[in-house]
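**Q**
Numbering (the working numbering), first residue to last: 1076 to 1163.
1) Kindly indicate which three-state DSSP category residue 1097 falls into: helix, strand or coil?
2) Terminal residues of the continuous alpha helix (DSSP H) containing residue 1113?
3) Going by C-alpha distance, which of 1126, 1141, 1149 is nearest residue 1160?
4) Going straight from the alpha carbon of residue 1129 to that of residue 1108, what length do you get?
5) For residue 1146 and residue 1111, what's the separation of their Cα atoms in angstroms?
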């Protein structure tokens, strides 16, 4: 019976990802690119809403995440946000 009572708490567990090497916490498991950037800004990451957002995949591969594109968030996921005029 205790396991059943604890189940809702487990589902509400926060997810922590990194944006530009800074931790960003989410209470939900899904967010779109704009929501990820907004949460990062609110939690002190020095980016702007117009920055381009990329998910860092295996071997450093970057996959762009659009503002309206929803992704599933998992602990330790990594994202980078770069200024639109940054050619690096």
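Here a beta-carbon is modelled for each residue, glycine too, at the ideal position from N, C-alpha and C.
**A** Put simply:
1) strand
2) 1108-1117
3) 1126
4) 9 Å
5) 10 Å
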